[in-house]
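Participant: Going line by line, the protein sequences match chains A and B. Take the position in the first sequence, starting the count at 1, then add 311; the result is the number in this note's numbering. Take the position in the second sequence, starting the count at 1, then add 3; the result is the number in this note's numbering.
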Amino acid sequence: MASEVMVAASVIGAALAVGLAAIGPGIGQGIAASKALEGLARQPEAEGKLRGMLMLSLAFLESLTIYGLVIALVLIFANPLLK
Amino acid sequence: MAHETVAAWHLAGLTVNSQTVLTSWSIMALILLAGALAARRVERVPGSGQTLAEGVVDFASGMVRDQIGPGAARHMAFIGSLFLFILFSNWSAILPWKLLGLFEIPEILPPTGDINTPAALALITVAAYFFYGIRAKGLPYFKHYVKPMWIFLPLNLMEDFSRPLSLTFRLFGNVTAEHLVVGVLSMLIPILIPLPMMALGLLTGAIQAYVFAILAASYIGTAVQTH
């Protein structure tokens with residue numbers, strides 16, 4: 312396989328990896344934040360616990376996007392299939 | 004935004020990234036120094052330094068108590084060290100290391116930005132929860148692979164592989180992403196614009212340290228608990 316095709320395929324793959332990986336967790340984090348805000352509006356004195364839970368949940372959801380980012384970084388900077 | 008190649012040490016037949024090792028040990032020395040200074044003279048009415056140290060210890064012990072249950076004080080050293088090391092090492096990316104370029108020292112990257120450090124921490128966590136699980140329950144610890152039903156065996160085995168992978172990638176990805184974004188922004192507009200991203204880097208660095216520590220505590224808690 313020619314090297315130019317590999318380079319082009321890696322670039323397209325990296326872009327798709329990051330772009331598609333951001334869709335699902337984006338929706339998920341929106342739902343999590345909206346439920347947290349609803350809970351806060353219903354019970355403002357639970358703010359401390361809600362904030363802690365929300366931060367933790369957002370970090371977990373974020374990690375799914377980070378997996379896509381890591382694949383993109385590997386494809387661009389440390390591609391084992393080139394050279 | 005190329006990273007300068009750093010000197011590689013060759014120790015006992017292995018090639019070691021000298022920058023990661025030196026930075027890790029400097030951070031460990033810094034944490035030990037801070038701890039020694041805080042604990043030097045413990046007074047009944049604490050000053051500001053002692054209050055800060057007590058706050059950190061209280062935070063870590065609360066985390067351990069929530070996840071592992073009471074009587075878990077011996078795990079606090081491990082979880083607290085994980086949290087402090089990852090916190091200091093993520094926050095070390097904020098300091099203006101480029102100034103050292105005036106002295107011909109190449110840019111210092113945070114050690115958690117090299118994939119080996121988060122991988123090592125994740126493997127240590129996996130070894131820790133195996134060790135604590137076997138120590139608490141003996142060989143019947145391995146019965147948890149077939150709970151709640153024998154058909155869950157492949158899923159539980161997969162989980163033992165996916166846990167260190169997810170810990171590694173979460174930590175490495177966050178730190179490297181922050182580093183790359185700040186680097187690219189500094190290349191485009193060096194004045195003032197990278198500042199919001201660096202502030203976000205402070206926040207995500209702290210959150211990732213907390214998430215890693217609380218996940219480690221939760222894995223140990225799941226391994227040790229006896230229903």
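Where is the CB? At the ideal position from N, CA and C, for every residue including glycine. None of these values were measured; they are calculated from a predicted model.
Are the C-beta of residue 211 of chain B and some C-beta of chain A separated by less than 8 Å?
Facilitator: For the purposes of this step, residue 211 of chain B is taken as residue 208 along the second sequence, with counting starting at 1. Yes, residue 211 of chain B lies at the interface with chain A (some Cβ there is under 8 Å from its Cβ).
Participant: Does any residue of chain A bring its CB to less than 8 Å from the CB of residue 119 of chain B?
Facilitator: Here residue 119 of chain B refers to the residue found at position 116 of the second sequence. Output row for residue 119 of chain B: interface = no.
Participant: Roughly how many angstroms separate the alpha carbons of residue 4 of chain B and residue 202 of chain B, rounded to a whole number?
Facilitator: By 1-based counting over the second sequence, the position of residue 4 of chain B is 1. By 1-based counting over the second sequence, the position of residue 202 of chain B is 199. Here the model assigns residue 4 of chain B a pLDDT of 36, short of 50, so the residue's position is not dependable, and the following value carries that caveat. Roughly 21 Å between the two C-alpha positions.
Participant: Among B:114, B:225, B:154 and B:222, whose alpha-carbon lies nearest the alpha-carbon of residue 28 of chain B?
Facilitator: The residue you call residue 28 of chain B lines up with position 25 of the second sequence. The shortest Cα separation from residue 28 of chain B among B:114, B:225, B:154 and B:222 belongs to B:114.
Participant: Closer than 8 Å, CB to CB, is residue 4 of chain B near chain A or not?
Facilitator: The count along the second sequence starts at 1 and reaches residue 4 of chain B at position 1. With a pLDDT of 36 at residue 4 of chain B, under the threshold of 50, the predicted position of this residue should be treated as unreliable, and no value is reported.
Participant: Using beta carbons (cut-off 8 Å, strictly below), is residue 372 of chain A in contact with chain B?
Facilitator: In the first sequence, residue 372 of chain A corresponds to position 61, counting from 1. With 8 Å as the cut-off, residue 372 of chain A does not count as an interface residue toward chain B.
Participant: Output needed for residue 121 of chain B: all residues of its chain with C-beta closer than 6 Å, excluding positions within five of it in sequence on either side, in chain order.
Facilitator: As a working mapping, residue 121 of chain B is identified with position 118 in the second sequence. Closer than 6 Å at Cβ, skipping near neighbours: 115, 171, 174 and 175.
Participant: Give the DSSP-derived three-state secondary structure of residue 17 of chain B in the structure shown.
Facilitator: By 1-based counting over the second sequence, the position of residue 17 of chain B is 14. Residue 17 of chain B: strand per DSSP, three-state reduction.
Participant: Taking its Cβ as the centre, do 16 or more other Cβ atoms sit within 10 Å of residue 204 of chain B, making it buried, or is it exposed?
Facilitator: What you label residue 204 of chain B is simply residue 201 of the second sequence in a count that begins at 1. Buried.
Participant: Please decide whether residue 377 of chain A counts as near chain B, where near means a Cβ-Cβ distance under 8 Å.
Facilitator: Indexing the first sequence from 1 puts residue 377 of chain A at position 66. Cβ-Cβ to chain B under 8 Å: yes for residue 377 of chain A.
Participant: Measure the Cβ-Cβ separation of residue 117 of chain B and residue 54 of chain B and say whether it is below 8 Å.
Facilitator: Sequence index remark: in the second sequence, residue 117 of chain B carries index 114 (1-based). Sequence index remark: in the second sequence, residue 54 of chain B carries index 51 (1-based). No, the Cβ-Cβ distance between residue 117 of chain B and residue 54 of chain B is not below 8 Å.
Participant: Give, in chain order, every residue of the segment 166-180 of chain B whose Cβ lies closer than 8 Å to some Cβ of chain A.
Facilitator: From the segment 166-180 of chain B, only 169, 172, 173, 175, 176, 177, 179 and 180 have a Cβ closer than 8 Å to chain A.
Participant: DSSP on residue 11 of chain B, reduced to helix/strand/coil?
Facilitator: For the purposes of this step, residue 11 of chain B is identified with residue 8 of the second sequence, where counting begins at 1. Correct three-state label for residue 11 of chain B: strand.
Participant: Applying the criterion that 16 or more other CB atoms from any shown protein chain within 10 Å of the CB defines a buried residue, is residue 228 of chain B buried or exposed?
Facilitator: Residue mapping note: residue 228 of chain B aligns to position 225 of the second sequence, counting from 1. Classification for residue 228 of chain B: exposed.
Participant: Closer than 8 Å, CB to CB, is residue 364 of chain A near chain B or not?
Facilitator: Your numbering for residue 364 of chain A matches position 53 in the first sequence. Not closer than 8 Å to any Cβ of chain B, the Cβ of residue 364 of chain A fails to qualify, so no.
Participant: Could you give the distance in angstroms between the alpha-carbon of residue 141 of chain B and the alpha-carbon of residue 212 of chain B?
Facilitator: Here residue 141 of chain B is taken as the residue at index 138 of the second sequence, counted from 1. Here residue 212 of chain B is taken as the residue at index 209 of the second sequence, counted from 1. For residue 141 of chain B and residue 212 of chain B, the distance between alpha carbons rounds to 31 Å.
Participant: Does any residue of chain A bring its CB to less than 8 Å from the CB of residue 187 of chain B?
Facilitator: Here residue 187 of chain B refers to the residue found at position 184 when the second sequence is read from its first residue. It does not: the Cβ of residue 187 of chain B has no partner Cβ on chain A nearer than 8 Å.
Participant: Which one of B:15, B:112, B:89 and B:88 has the shortest CA to CA distance from residue 99 of chain B?
Facilitator: Translated into positions along the second sequence, residue 99 of chain B becomes position 96. Of B:15, B:112, B:89 and B:88, the residue nearest in Cα terms is B:112.
Participant: CB residue 66 of chain B to CB residue 217 of chain B, shorter than 8 Å?
Facilitator: Along the second sequence, one-based indexing puts residue 66 of chain B at 63. Along the second sequence, one-based indexing puts residue 217 of chain B at 214. Contact: yes.
Participant: Does residue 63 of chain B come within less than 8 Å of chain A when only Cβ atoms are used?
Facilitator: As a working note, residue 63 of chain B is residue 60 in the second sequence. Chain A, which has no Cβ nearer than 8 Å to the Cβ of residue 63 of chain B, makes this no.
Participant: What residues of chain B sit near residue 367 of chain A, judged by a beta carbon separation below 9 Å?
Facilitator: For the purposes of this step, residue 367 of chain A is identified with residue 56 of the first sequence, where counting begins at 1. By Cβ distance, chain B contributes 210, 213, 214 and 217.
Participant: Excluding five sequence neighbours on each side, which residues of the same chain lie with their C-beta closer than 6 Å to the C-beta of residue 6 of chain B?
Facilitator: Translated into positions along the second sequence, residue 6 of chain B becomes position 3. Low per-residue confidence applies at residue 6 of chain B: pLDDT is 49, beneath 50, and the placement is therefore not dependable, though the value from the model is reported in the following sentence. Once the five neighbours on either side are set aside, residue 6 of chain B has no close Cβ partner at all.
Participant: Excluding the 5 residues flanking residue 332 of chain A on each side, which residues of the same chain have their C-beta closer than 6 Å to its C-beta?
Facilitator: Position 21 of the first sequence, counted from the first residue, corresponds to residue 332 of chain A. Taken in chain order, the residues that qualify are 376 and 379.
Participant: First and last residue of the alpha helix (DSSP H) that includes residue 142 of chain B?
Facilitator: Here residue 142 of chain B is taken as the residue at index 139 of the second sequence, counted from 1. That residue, residue 142 of chain B, is in no alpha helix (DSSP H); it is neither H nor E in DSSP.
Participant: Is residue 318 of chain A close to chain B, meaning its C-beta is less than 8 Å from at least one C-beta of that chain?
Facilitator: By one-based count along the first sequence, residue 318 of chain A stands at place 7. By this cut-off, residue 318 of chain A is not an interface position.
Participant: Can you tell me whether DSSP reads residue 390 of chain A as helix, strand or coil?
Facilitator: Locating residue 390 of chain A in the first sequence gives position 79, counting from the first residue. In this structure, residue 390 of chain A counts as coil in the three-state DSSP scheme.
Participant: Here's a check: name, in chain order, each residue in its chain whose Cβ is nearer than 6 Å to the Cβ of residue 321 of chain A, leaving out the five neighbours to either side.
Facilitator: Counted from its first residue, the first sequence places residue 321 of chain A at position 10. Contacts found: 386 and 390.
Participant: Hey, residue 85 of chain B and residue 219 of chain B are a contact pair by Cβ (cut 8 Å); roughly how many whole angstroms apart?
Facilitator: Here residue 85 of chain B is taken as the residue at index 82 of the second sequence, counted from 1. Here residue 219 of chain B is taken as the residue at index 216 of the second sequence, counted from 1. Confirmed, Cβ separation roughly 6 Å.
Participant: Is the shortest distance between the beta-carbon of residue 381 of chain A and the beta-carbons of chain B less than 8 Å?
Facilitator: Numbered from its first residue, the first sequence carries residue 381 of chain A at position 70. Yes, its Cβ sits closer than 8 Å to a Cβ of chain B.
Participant: The alpha helix (DSSP H) spanning residue 340 of chain A covers which residue range?
Facilitator: Within the first sequence, the letter at position 29 stands for residue 340 of chain A. Looking at the DSSP string, the run of the alpha helix (DSSP H) that includes residue 340 of chain A is 334-353.
Participant: If we cut at 8 Å on Cβ distances, does residue 348 of chain A have a partner in chain B?
Facilitator: Counting from 1 along the first sequence, the entry for residue 348 of chain A is found at position 37. Answer no: the Cβ-Cβ gap between residue 348 of chain A and chain B never drops below 8 Å.
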